[in-house]
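In full-length UniProt numbering, the protein residues as written are 345 to 605. Note that beta-carbon positions come from the ideal geometry of N, C-alpha and C, so glycine has one too. No experiment lies behind these values; they were computed from the predicted model shown. Structure record follows, encoded as structure tokens.
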Ligand code: ADP
């Protein structure tokens, strides 16, 4: 539903009433609107790094090139912007393949705890910040049927976000619980959090709580949208829980391997 409001005024300008017209936006209109918004977003996201690169290249041409220190700095910026555009285009291509169902889910029986352990090990090895990982993984071995590459990408994205939005010395807790025929994974950080009213929107394409901050941290705004598509394609569900200034937990559920149930 979409509502348009008009204010009815008296001759002397005083407000006399309000007329609300409520439209039932058809599904097609909704799809069209979303598509237009998507194209506008893509254009904007590409224009921003291009504009930055253009001004830095102009500065180089105007003389900065003969100042080695300045030149290096300006070239670094253009390189970073180029890399961000490549990430953005790769994310867009991936979303487009997910949209057109032009992909294969390659399900493999996977020892889930060992799988998670390996991903956390990798993050622990490469961590650039002072962040500690806490593992709360169940005892024993159990199997899930997952597309390992896709699930690795999902968890990588959630963990990178947790790191990006964490304070120095923060804890990131990786918890896995087996419940009935399902496995629940919870990844919590002690970072800035997400305001309640924005929680569901973080899975929308290009949605960011703080656009400038996300850009500065190199984000494309597509990571969680891709994660959602991938989890749903594997028969799962994903959502976020958060307290502003306290931290965020991303939950996702996957079905257990049938032989395990
Ligand atoms: P981005 O590339 O901007 O990180 P994502 O799709 O991965 O895009 O996330 C969308 C938005 O959700 C982010 O811009 C950020 O505002 C919010 N967000 C995601 N994860 C976290 C987190 N762990 N803590 C705080 N905010 C988060």
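**Request:** May I ask you to check if the CB of residue 546 is nearer than 7 Å to at least one heavy atom of ligand 1?
**Result:** yes
**Message:** Going residue by residue through the segment 415–459, where are the continuous beta strand (DSSP E) segments of at least 3 residues, counting only ones entirely within it?
**Reply:** 451–455
**Request:** Pick out the complete alpha helix (DSSP H) segments inside the segment 490–547, 4 residues or longer, and give them in chain order.
**Result:** 492–508
**Message:** Which of the three DSSP states is assigned to residue 475 in this structure?
**Reply:** coil
**Asked** Cβ-heavy atom distance between residue 311 and ligand 1 below 7 Å?
**Response** Lying outside 345 to 605, the shown extent of the chain, residue 311 is not represented and no answer is given.
**Message:** Can you tell me whether residue 564 sits near ligand 1, meaning its C-beta is under 7 Å from at least one heavy atom of the ligand?
**Reply:** yes
**Request:** Indicate whether residue 463 and residue 496 have their beta-carbon atoms separated by less than 8 Å.
**Result:** yes
**Message:** Taking the beta strand (DSSP E) that residue 593 belongs to, which residues open and close that run?
**Reply:** Segment 591–599, the beta strand (DSSP E) holding residue 593.
**Request:** Would you tell me roughly how many angstroms separate the C-alpha atoms of residue 503 and residue 489, rounded to the nearest one?
**Result:** 21 Å
**Asked** To which residues does DSSP link residue 463 through a beta bridge?
**Response** Answer is none; residue 463 lacks a bridge partner.
**Request:** Assign residue 454 to one of two classes, buried (16 or more other C-beta atoms within 10 Å of its C-beta) or exposed (fewer than that).
**Result:** buried
**Request:** Count the other CB atoms, across all protein chains shown, that sit within 10 Å of the CB of residue 334; report buried if there are 16 or more and exposed otherwise.
**Result:** Since the first residue shown for the chain is 345 and the last is 605, residue 334 is missing from the structure and cannot be characterised.
**Message:** Using a Cβ-based criterion (distance less than 7 Å to any ligand heavy atom), does residue 592 qualify as near ligand 1?
**Reply:** yes
**Prompt:** In three-state DSSP terms, what is residue 383?
**Reply:** Under the three-state reduction of DSSP output, residue 383 falls in the helix class.
**Item:** Endpoints, beta strand (DSSP E) assigned at residue 586
**Value:** Start and end: 581–587.
**Request:** Apply the 10 Å Cβ neighbour rule to residue 541 and answer buried if 16 or more other Cβ atoms are within range, or exposed otherwise.
**Result:** exposed
**Request:** Taking only the alpha-carbon atoms, compute the straight-line gap between residue 428 and residue 358 and give it to the nearest angstrom.
**Result:** 52 Å
**Prompt:** Rounded to a whole number of angstroms, what is the C-alpha to C-alpha distance between residue 411 and residue 420?
**Reply:** Taking the straight line joining both Cα atoms gives about 14 Å.
**Message:** Mapping the DSSP letters down to three states, classify residue 567 as helix, strand or coil.
**Reply:** helix
**CB-CB length for residue 553 against residue 589, believed under 8 Å** = That pair is no contact at about 12 Å.
**Prompt:** Does the segment 547–565 touch the segment 379–394, meaning 3 or more C-beta pairs lie closer than 8 Å?
**Reply:** Put simply, the segment 379–394 touches the segment 547–565. At least three CB pairs are less than 8 Å apart.
**Request:** Could you give the DSSP three-state label for residue 551: helix, strand or coil?
**Result:** coil
**Prompt:** Can you tell me where the beta strand (DSSP E) with residue 349 in it begins and where it stops?
**Reply:** 346–353
**Prompt:** What are the boundary residues of the beta strand (DSSP E) that includes residue 362?
**Reply:** 359–367
**Item:** Outcome for residue 474 when other beta-carbon atoms lying within 10 angstroms are tallied against a minimum of 16
**Value:** exposed
**Message:** Contact defined as beta carbons within less than 8 Å: I believe residue 481 pairs with residue 433. What is the distance between those atoms, to the nearest angstrom?
**Reply:** Going by Cβ atoms, the distance from residue 481 to residue 433 rounds to 36 Å, so no, they are not a contact pair.
**Request:** Confirm the yes/no value for this check: CB of residue 600, any heavy atom of ligand 1, distance under 7 Å.
**Result:** no
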